[in-house]
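Notes follow the structure.
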Amino acid sequence: MPTKKSSSTNSFKKKRSKVKWSNLYTFSCFRPPPQLNPSEFGQPGFTRVVFCNDSVKHKTKPYKYYGNNVTTTKYNVITFLPKSLFEQFRRVANLYFLLVAVLSVTSLAPFTPLSLIAPLVFVVGISMLKEGVEDWHRFVQDLEVNSRIVKVHIGNGVFVDRTWKLLRVGDVVKVNKNEYFPGDLLLLSSSYEDGVCYVETMNLDGETNLKIKRCLECTLGFDEDLKFDKFKGVVRCEDPNSSLYTFVGNLELNDDDEDQLDSSYPLSPSQFLLRDSKLQNTDYVYGVVIFTGSDTKVVRNSMKSPSKRSRIERKMDQVIYVLFFMLLLISLIASVGSVQYTDQDQTAKQWWYLELMKEKIDVSFDPNKPLASGFYQFLRALILYGYLIPISLYVSIEVVKFLQAMLINNDRHLFDEMSGKSVEARTSNLNEELGQVEMILTDKTGTLTCNQMEFRKCSIEGISYGGDANEIVRAASQRMNIDIESYRFNLDGDDSTPRDSVEMVEISSDQVNESRNRILDGEYDMKNVGGTGIKGFNFRDKRLMNKMWVHGSNVWDMMMFFRVMALCHTGIPVENEEQLGSHKLKYEAESPEEVTFLIAAQEFGFQFCRRTQSSVFVKEIDPSASEVEREYKLLNLLEFSSSRKRMSVIVRDEYGQIFLLCKGADNIIFDRLGDGGRTYQHATTMHLANYAEDGLRTMVFAYKKIEDFEYEEWNSSFSKAKATIGPERDELLENVSENIEKDLVLLGAVAVDDKLQDGVAECIDKLAQAGLKIWLLTGDKKETAVNIGFACSLLRHDMHLFHLSLSRDAESKNQIKAMKDDILNQIEASYQVITNEKTKDDPFAVVVDGKALEIALSNDIRDEFLQLAVNCASVICCRVSPKQKALITRLVKRYTGKMTLAIGDGANDVGMIQEADIGIGISGMEGMQAVMASDFSMPQFRFLERLLIVHGHWCYKRISKMILYFVYKNIVFGLTLFYYEIYSRFSGDVLYDGWYMVMFNLFLTSLPVISLGVLEQDVSSDVCLQFPALYQQGQKGIFFSWKRIIGWMGNGILTSLVISILNVYILSPSAFREGGQVVDIAHLGVITYTTIVWTVNCQIALIITHFTWIQHIFIWGSIFSWYIFLLFYGALPPAYSNREYKLLVEAVGPAPMCWIVVLLVVVISLLPYFIYMVIQRTFYPMDDHIIQEMKYGRKVVVDDEMWLREKQSSRKPTHIGFSARVDAKILYLKDQLHKKRMFIIKSITNSPIRRSITINTLENRD
Amino acid sequence: MNANAPSSSSGGAGSPDVNAPRRNSKRPKYSRFTQQELPACKPILTPKWVISAFMLVTVVFIPIGLVSLFASRDVVEIVDRYDNACIPPGTKSQKVQHIQDARSNKTCVRSLTVTKRMKQPIYVYYQLDNYYQNHRRYVKSRSDQQLRNRGDENDTSSCDPENEANGMSIVPCGLIAWSLFNDTFSFSTRNNSQLNVNKREISWKSDRDEKFGSDVFPKNFQNGSLIGGGRLNESIPLSQQEDLIVWMRTAALPTFRKLYGKIEVDIEEGETINVVLENRYNTYSFSGKKKLVLSTTSWLGGKNNFIGIAYLSVGGLCFLLASTFTIIYLVKPRHLGDPTYLSWNRNPGGH
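So the sequences go chain by chain: A and B. Note that the first sequence covers residues 1 to 1262 in UniProt numbering. Note that the second sequence covers residues 1 to 351 in UniProt numbering.
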């Protein structure tokens, strides 16, 4: 059964073997083999022995384990050189350059070896330097982590601060609230009496809820510093492994002061605190370090970060292959030609002046061994025409990317005031990839949301509170006004009489203005009133605030509602130091929602103040009295579970009445309402729908009064169920709970906002308009994910939503098979829907559950699944594990072939970040794993917009243009060398001086191309943002398509031909000066070279569309510096300058011929490209051309409307995003408006004066 | 339930404050460069620019072309191929034999008709075709050091295969010098008055002054088993052996001229010039042509119609392009920033 499971294990196996290999690589295999102690715990795999509180024993073998020093660096001081050199010469191009450099030392070299070796050293040096610097950053980050401080017991009950890296196995540490665990710890005791502690494992699995860990009873006593004086114990446990959720071991403790280790206690994962998880809601814990550093589970889970190469670079490799082929070809031609001329005795004799037959024979011209000579010529040609493969391209790209990264790092728009952090390009390899992203895979918590809940709205007794017009409606009305403006513009363009249209517009815009003003007022209100200043409470409604609700009609239900809030939870109050005076409390609970409920209840006057084992105390506002503290006896607590989706408490109030208070998901609660309890159901349902569309998380409250006898009866069966031991216990409990949780009375609903980070909605909106698809991958549960989907407009109310889910876990293979069929059916059914009614207006979305995903991603049906997913406007995957995230990323990347970007903040996103083409880590949170694994880090999600749409777009264009130009320029130069070969009987003579060759790529053409790569902008950043459609140029890859590459190569070949042929024909054989002198090699060389310098520099001036003074200086300065160079070179004594002595001053400079040749050749060389440019601009302008023209082309922006309109229509039609929803709303509003107007028109058609206008209006409308 | 909380929780609350002062320092500093806001000109290729660019080329190129053509027209050039005429007819090997035979009579008389008045100075060139002075083996085979300094006369390592003869260094060494062109020409007019050929200052001044030493004399030259080309007067320093200096400036292409001398009198139209030449140089083995060229010069150099024509054609082409585009812009104008050309307007929805 090639089921899902097998496939996934396969892939995991692969990964695991990779990990092992990497161990090998880092020489961890030389670790001392764990000592086996057969008498003890130690089977193989369970050999670890930890002497608690006695870390000295771990200083020596056999108990010496790894220290707590964690390194993520690739190299160290010793391995840096060999390893990074190896990395460098894995590039084929570099190997070629190395070969050439070696050859250049031999006698074959056409020019000085230095000119070949120096650039290679430079390239490799720069790349290595970059590697080094990046590794240095990693090292610094490691250092930061390694030097975090933790309190360690040093004996006699004294705890001192020590850095993490000095921590050893066996140390007893004390970790305070909100601190990370420095290693994998065994929990000994906590600040709570029962030895529990709450742990947040977001860095490990992305789950934000707190997990409870519990210490062993035997260690409970060690809860003070001083008691650790006598603590001794031995832990025997499993060897280090990567499984996060298992731990096997036992603890042997010497009970009294004797030296005997008597008792042995089994340990389980619930005593095990993992490194990089965080202590919360607990003041401190004590623990023993079991695993340190690279032995810890989290480090073992981390993957080696793969080195990524951008697509352009990979394509560039292919271009290099083409060039290499070209190089081989012309080298072959040259060597064959050379053989031809050296070959026969006859030929050799003919050319007597070469004395080829003389005994002392040059190996490259030996008529006796023509083939050998040919081979030498071939090698020589390989070196000589090496200019086709520009080594300096690699240098320049490195330099440019470094500078680009610097610009990204320094962009003030990418700086977050709140965190004081900025977007950071951690590797500069992938800058241009940012401009080609098509798919974004994003994490939810911490990435889209701030992981902070806010109480937003509630519906009590069918009345909604705290509701103002939502943003969609507000934006819709605002946009309507703009729409009308552009509408007017449209009409002006038509032939209709302007007066009518104005009239018509006035009618509608009046209405809109009115509504807009109202909204603006509302906004103003919000700014004044809004922001209650209480974290987790963003609610304002005068009817409920400041105890105004007591004046309402049905106070009893109101009070019950608030009581559910204040009583039905598992939270505890903590003291709020900041507001001690106001007697307000802070709460801590398992889920953040409960905290917001408690805060809200407190604001409404129901302050939950104390909890004991059996009672809950609430300070209530009584409608009559002011404030009373009431005690509620907590009789039962029916816990929340994901299958029950509700939670209830049964309490007895001070009057002895028993209530069941229940909160839960709407459909669950509605199913359990009694006949008398459905009074508000209709209204509440409507409100719930509204809330849900706003992306709020909703919960319904209900209650029930229970008679004593009824309770007694139920309680006995409940107790019985509770007492049951065995697998059926849970089911029994559930059934019993079911019995009491019925006939409920609906009170209302609350809506909680999982607060989005700043600007997330706008950002997603812009990204969607730019044609990016966004997939949400979250470990959270489905409801939450869907809520967030709505909140950030990935989902819409009118969307066709497919849910793929499984009801049960797979147990047997048959079941897996059945499930697979089930999922396949679901997928196919959904796909049918899409294909059947696929129209542009029908948006689809798919929501996949983690378990279903596991099946859906198995080998045989994943194509179907991905096909469905790709066709949906948005995809939401919930309950996915970190590994699944990585798997999805990989599959999407492979299946669609699209550029993927993964963004996340936690350690659980690391796999995804590493797997995606570009990984982005959110640096706002404290955990650094995601950032460490990422290629870019940013403090907030919203910076993605600017990073992609502005910097990505620019970088993509810059790099593309730069590479193309580079290819062009080197073809021009390289081929002129080859053509000269034809004129010199393929003897391998070089037209240019050796220094010219060095100068060409090093000085004369390097700076302009670097300025192109760093500073080029087709349009300014604000225009990029206004026209997200420009981004699609990158997605389609039009700037580095083969068409362009071939085109530029062709241009290069053409230019080289023009330059060579014209120079040869014009300058020879007649005199080139009035003095009758004719050109020799030096003259022809220098003039040809001058034309090349002029041509390639003027060519780049044609490419550049954005001239700052820098480009001007570089381009014209390059040309100028060529003359300066000639001047200096010619001024050197002849011993150094050889043929070039006084060349410019004496021969070339004073000859008018030389100058007019340069002018002619440059113009003719550039003419083809210029004509191409003109034709393209005139007949086939691209978007950026038009937008440039619109923006900069006219002196006065004649019609702003056009600008605005195009801005609108440049957006890619999308079904997701804020604006798309606004558009939908506008349609709806327009419809409403139309109806209204029809009504008005009908009513005024009776008045004869108006008749004419209205008829016109009607016509216009249609 | 919660015991001693305060000590630990205060530590947690204090941490954000630590970050506060760091904030502003991390904010990227503003500079126009780093914010990519440098003032820039963004030239846009508007029809106006296109037409002006083409017109500019036209306006600049046509005059230059005309001037060049006129200059070239004024140049009088007489080319006379004499290699075949100055040797008894026969097969190639016979020709080679003849030219290599030291005793054969190599004197040859040619008469040239001047078609147009030639103003002095009239430059005398010899032109060789199919002669690869730019062959790498040939080009390398010289020692600049030796030519420059008397002391370096044994510095002949780069002169292979002509570095020494009879165990002594050759000055000047190398293939180039060894293969020195040695045909000679003397000119007289119809009325037998001798036309003096001035052979001074036919080389570059820098060569004479600094590359060929005034104290370096030919030595052991053409003493080897094989005699290449011309011999040198061993009493004249190299700096004055201008034929050698000219010859040592290797030509870039297989067809090249080299200056032989200057005739410093005007020659009237219709005049016939008698040339007595010694046809010694062997081009017969590789079928190279030899030509005698008499040419005046203009400011542009010798006769060169090509550049004028090239300028005129480019100028004409640009004029044609300018008018074509003018017509196109008039007939089918595309307004600047015409939004209908935007991709989303061209194929709506398709994107």
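Note that beta-carbon positions come from the ideal geometry of N, C-alpha and C, so glycine has one too. Keep in mind that this is a model prediction, so the values were computed, not measured.
Min CB distance residue i to chain A below 8 Å
i, result
"PRO63(B)", "no"
"ALA322(B)", "no"
"ARG22(B)", "With a pLDDT of 43 at ARG22(B), under the threshold of 50, the modelled position of that residue is not reliable, and the figure given next carries that caveat. Closer than 8 Å to some Cβ of chain A, the Cβ of ARG22(B) qualifies, so yes."
"GLY228(B)", "yes"
"ASN282(B)", "yes"
"residue 385(B)", "Nothing about residue 385(B) can be reported from this structure: the residues present for chain B run from 1 to 351 only."
"LEU342(B)", "yes"
"LEU112(B)", "no"
Proximity winner among the options, relative to residue i (alpha-carbon distances)
i, options, result
"GLU433(A)", "PHE1120(A), GLN1033(A), ARG1073(A) and ALA372(A)", "GLN1033(A)"
"PHE61(B)", "ARG1237(A), VAL1158(A), PHE1170(A) and ASP1231(A)", "VAL1158(A)"
"SER68(B)", "PRO1152(A), LEU1132(A), LEU210(A) and VAL399(A)", "PRO1152(A)"
"VAL299(A)", "ALA930(A), GLY994(A) and PHE943(A)", "ALA930(A)"
"ASP909(A)", "GLY1117(A), GLU629(A), THR445(A) and GLY1047(A)", "THR445(A)"
"ASP80(B)", "THR255(B), LEU66(B), LEU294(B) and GLN145(B)", "LEU294(B)"
"MET453(A)", "THR596(A), GLY571(A) and SER190(A)", "THR596(A)"
"VAL275(B)", "GLU269(B), LEU317(B), ILE263(B) and ARG200(B)", "ILE263(B)"
Residues near residue i in its chain [Cβ-Cβ closer than 8 Å; skip 5 each side]
i, result
"LEU1144(A)", "VAL1086, TYR1123, LEU1126, LEU1127 and GLY1130"
"GLU210(B)", "ARG148"
"ASP135(A)", "THR73, LYS74, TYR75 and PHE80"
"LEU240(B)", "Rather than Leu, the amino acid found at residue 240(B) in this sequence is Gln. Contacts found: ARG208 and SER214."
Test: residue i CB closer than 8 Å to a CB of chain B
i, result
"ASP905(A)", "no"
"ASP483(A)", "For ASP483(A), the predicted model reports a pLDDT of 49, less than 50, meaning its position is unreliable; a value from the coordinates is still stated below. Cβ-Cβ to chain B under 8 Å: no for ASP483(A)."
"ILE391(A)", "no"
"ASN1051(A)", "no"
"TYR353(A)", "yes"
"PRO1069(A)", "yes"
"LEU1084(A)", "yes"
Cross-chain neighbours of residue i in chain A, by beta carbon under 7 Å
i, result
"TRP299(B)", "GLU1074 and PRO1152"
"PHE217(B)", "The contacting residues do not exist; PHE217(B) stays about 19 Å from chain A at best."
Listed by chain order, chain B residues near residue i by CB distance under 7 Å
i, result
"HIS1106(A)", "ALA40 and LYS42"
"GLN1188(A)", "LYS42 and ILE44"
"ARG985(A)", "TYR132 and HIS135"
Per-residue contacts from residue i into chain A (C-beta, under 8 Å)
i, result
"SER239(B)", "Simply none; closest approach about 13 Å."
"SER214(B)", "Those do not exist, as SER214(B) stays about 14 Å from chain A at its closest Cβ, beyond 8 Å."
"ALA310(B)", "LEU1062, ILE1066, LEU1160 and ILE1164"
"LYS205(B)", "GLU1146"
Contact set between residue i and chain B, taken where Cβ atoms lie within less than 8 Å
i, result
"SER331(A)", "Those do not exist, as SER331(A) stays about 15 Å from chain B at its closest Cβ, beyond 8 Å."
Closer than 9 Å at the beta carbon, the chain A residues around residue i
i, result
"GLU210(B)", "PRO1133, PRO1134, TYR1141 and LYS1142"
"VAL314(B)", "LEU1160, VAL1163, ILE1164 and LEU1167"
Cross-chain neighbours of residue i in chain B, by beta carbon under 9 Å
i, result
"ARG412(A)", "ARG27, PRO28, LYS29, TYR30, THR34 and GLN35"
Any C-beta of chain A within less than 7 Å: which residues of the segment 127-147 of chain B qualify? GLN127, TYR132, ASN134, HIS135, ARG136, ARG137, TYR138, VAL139 and ASP144
Residues of the segment 235-260 of chain B with a CB closer than 8 Å to any CB of chain A: list them in chain order, please. ARG249, THR250, ALA251, ALA252, LEU253, PRO254, THR255, PHE256, ARG257, LYS258 and LEU259
So if I threshold CB-CB distances at 8 Å, which residues from the segment 1152-1176 of chain A count as touching chain B? PRO1152, MET1153, ILE1156, VAL1157, LEU1159, LEU1160, VAL1163, ILE1164, LEU1167, PHE1170, ILE1171, MET1173 and VAL1174
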